[in-house]
Amino acid sequence: MATKRHISLYYGSISINRSFRFILDWVQNFFRSNDYCRKMLHEYIKVTYYSEATDIYSYGSARSALAAFLKAYGIKEGDEVILSAYTCLAVPTAILAAGGTPVYVDINSDTLNIEIQGIQKCMSPKVKAIIIQHTLGKIANVKEIVDFAQSKGIVTIEDCALSLGSRINGKLIGSFADAAILSMELSKTLSIGWGGILVVNKTEINGLVKKNYNLLSEKGRASASKDLCQTVISAISYHPSLYHILGKYVLFAGFTSKLFRKSTPTNEFLGLIADDFILKMSGIQASIALLQWKDAQRTIFLTNKNATHLRKLLYGLNIEMPGIPELSEYGVSPRLSFYTNDRSVAVDYFMERGIELGQWFDGPLSPVPTNPSFNYLPGQYPLAEAVAMKIVNLPCHSRITGRDLDHMENVLKNFISENPENIVTNV
Ligand SMILES: Cc1ncc(COP(=O)(O)O)c(C=O)c1O
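Take the sequence shown: its letters are residues 231 to 657, numbered as in this note's numbering.
Written as structure tokens, this is what we have:
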């Protein structure tokens, strides 16, 4: 049952109109200085979203922002940084880029987040930082972890890459720890293709972050313009009505001709860190990021509305889901997760019907690294490993329409009736 419509996981906050606005913005800001574009972005985020933060910085990616912060904090060889055993390889890569050693903590499989008990087991005098990841819209027990870390003199960083816009009792995540990273990569809630924001909450650390930031380089105008072209062309290509007739061919041509670059360079998967891993966000990226942040409230609202709709649907169908937000939480993620017994069957079934099912994260570390420098010990994180075997995610980003939701509902119901053995139920 082939369909001409394609519901993708990518570029969820960039409509065709928005793509054209990106180009217009690029032309309008062509003669503005890069520093000016970044300053406008930083000020807007601070005034509108993180008014209590000491400062805001923008980088080429969230991993770049994390590495920059850890470096400024003074992480050096032999220092350990605690992180979730259920995450993207970009996170330990940033730790390695800063010169530290990643130490993984297994998750609570209900929340997909790390907990204080797991952290305590990994504590040693070598631990200098803890990364508190809010996973797929489920907010971590951040206050408890921050209090514990403060009592030990350890710095904390919230990783909001998968949960941008989430709140606890009305307070935005990213405001609780000493610092926070937000991602604007192509698969995230608020995207510009590539980009990362660092929120610094702890005043004492800000001086060094600022000093390093001012010395950083950024992409040249030609390379940044090429990235913008890739973002615009990809966002248009992933439009649900264009993907099958044109988009998939354009994307294929872009990647095979190497005109398009991948979200993560292949070398990073091998543990090889490029010299320019830590870069400032370019002026072009910063000006389109500002456009996205000016519309963030709407984007976040729509994303959460779609997730709530799908969550209710899955609940009504008795399908088990991880990370359900509590009443005090406003949990936002560009994808809504559920469990299935055979992921490849589910992914193929949905794909044939025009729905891209995500596989975040298909490994406890995604992808599982081969390089021993990642310090990753397979078999040591059983809960993360069990979750990674069965999780899939439906797109629920802001471009999903009511028509898409209805289609997802039909496909889900048919999947259950045709593959009852493949569904993990909550009854
Ligand atoms: C949990 C988490 N943190 C950080 C990152 C890094 O984000 P970026 O791609 O902007 O470097 C990712 C990337 O997907 C992620 O999933």
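Ideal Cβ positions, reconstructed from N, Cα and C, are used throughout, including at glycine. Note that the coordinates shown come from a computational prediction; the quantities given were computed from them, not determined experimentally.
| request: Decide if the segment 441-459 is in contact with the segment 295-310; the criterion is three or more beta carbon pairs, one per stretch, under 8 angstroms apart. | output: Contact holds: three or more Cβ-Cβ distances are below 8 angstroms.
| query | In whole angstroms, what is the alpha-carbon distance linking MET511 and CYS318? | reply | Near 21 angstroms, if we compare the C-alpha coordinates of CYS318 and MET511.
| message | Under 6 angstroms, CB to any heavy atom of ligand 1. Which residues pass, going along the chain? | response | For ligand 1, the residues with a Cβ under 6 angstroms from any of its heavy atoms are, in chain order, SER291, ALA292, ARG293, THR317, CYS318, ALA320, VAL321, GLN363, ASP389, ALA391, LEU392, SER413, GLU415, GLY426.
| query | Can you tell me the Cα-Cα spacing of SER493 and TYR240, whole angstroms? | reply | Within the model, the alpha-carbon separation for SER493 versus TYR240 is close to 11 angstroms.
| query | From the DSSP output, which residues share a beta bridge with GLY308? | reply | Beta-bridge pairing links GLY308 to no other residue.
| Which class does PHE568 belong to by DSSP, given the choice of helix, strand or coil? | Three-state result, PHE568: strand.
| task | With a 10 Å radius around its C-beta and 16 neighbouring C-beta atoms as the bar for buried, classify GLN350 as buried or exposed. | result | Answer is exposed; the Cβ neighbour count stays below 16.
| Sufficient close CB pairs (3 or more, under 8 angstroms) joining the segment 583-602 to the segment 403-413 | Touching, no, given that fewer than three Cβ pairs across the two stretches are closer than 8 angstroms.
| message | On the CB-based measure, 16 or more other CB atoms within 10 Å of its CB, does ILE253 come out buried or exposed? | response | Around the beta carbon of ILE253, fewer than 16 other beta carbons lie within 10 angstroms, which makes this residue exposed.
| With LYS368 and ALA391 assumed to form a contact (beta carbons below 8 angstroms), what rounded beta-carbon distance in angstroms separates them? | About 13 angstroms separates the two Cβ atoms, so there is no contact after all.
| Counting only runs that start and end within the segment 474-502, where is the alpha helix (DSSP H) found for 4 or more residues in a row? | Counting whole runs of 4 or more residues, the segment 474-502 contains the alpha helix (DSSP H) stretches 478-486, 496-499.
| On the premise that VAL641 lies in contact with ARG573, defined as a C-beta separation below 8 angstroms, what is that separation, rounded to the nearest angstrom? | Actually they are not in contact, since the Cβ atoms of ARG573 and VAL641 sit about 16 angstroms apart, beyond 8 angstroms.
| Same chain, Cβ closer than 7 angstroms to VAL480, five either side skipped, listed in chain order | Within the same chain, VAL480 has close Cβ partners ILE463, SER467.
| Taking all protein chains shown into account, do 16 or more other C-beta atoms lie within 10 angstroms of the C-beta of MET638, making it buried, or fewer, making it exposed? | Under this definition MET638 is a buried residue.
| query | Which residue's Cα is closest to the Cα of ILE246: ARG629, ILE653, SER647, LYS432? | reply | Nearest to ILE246 by alpha-carbon distance, out of ARG629, ILE653, SER647, LYS432, is ARG629.
| query | If we ignore side chains and look at the alpha-carbon of each, how far apart do MET431 and ALA328 end up? | reply | Residue identity differs from the one stated: residue 431 is Asn in this sequence, not Met. Distance between the alpha carbons of ASN431 and ALA328: 20 angstroms.
| request: Check whether the segment 398-410 touches the segment 275-288, counting contact only when three or more Cβ pairs, one atom from each stretch, lie closer than 8 angstroms. | output: Taking 8 angstroms as the limit for Cβ pairs, the verdict is that the segment 275-288 does touch the segment 398-410.
| Whole-angstrom distance between ASP505 and SER558, CA atom to CA atom | When rounded, the distance between both Cα atoms is 43 angstroms.
| request: Using a threshold of 9 angstroms, state whether the C-beta atoms of SER446 and LEU420 are closer than that. | output: The residue you asked about is not Ser; residue 446 is Leu in the sequence shown. Cβ atoms of LEU446 and LEU420: not closer than 9 angstroms.
| request: Starting from the Cα of LEU489, find the closest Cα among PHE507, SER453, ARG528 and give me that residue. | output: Checked all of PHE507, SER453, ARG528; the closest Cα to LEU489 is SER453.
| Roughly how many angstroms separate the alpha carbons of TRP256 and THR533, rounded to a whole number? | Going by the C-alpha atoms only, they are around 26 angstroms apart.
| field | Nearest-angstrom Cα separation, counted from THR570 out to CYS626 | value | When rounded, the distance between both Cα atoms is 18 angstroms.
| said: If I follow the unbroken beta strand (DSSP E) through LEU557, where does it start and stop? | reply: Under the DSSP assignment, LEU557 falls outside any beta strand (DSSP E); it carries neither an H nor an E label.
| Which one or two residues does DSSP pair with LEU635 in a beta bridge? | DSSP lists no partner for LEU635.
| task | Return the Cβ separation of ASP408 and ILE427 in integer angstroms, given the expectation that the two are a contact with Cβ distance under 8 angstroms. | result | Beta-carbon to beta-carbon, ASP408 and ILE427 are separated by about 15 angstroms, too far to satisfy the 8 angstroms threshold.
| task | To the nearest angstrom, report how far apart HIS364 and ASP389 are at their CA atoms. | result | Their backbone Cα atoms lie some 6 angstroms apart in a straight line.
| field | C-beta contact flag for ILE375 and ASP457 at 9 angstroms | value | No, Cβ-Cβ distance for ILE375 and ASP457 is not below 9 angstroms.
| task | Identify the continuous beta strand (DSSP E) that holds VAL430 and give its terminal residues. | result | 426-430 is the extent of the beta strand (DSSP E) around VAL430.
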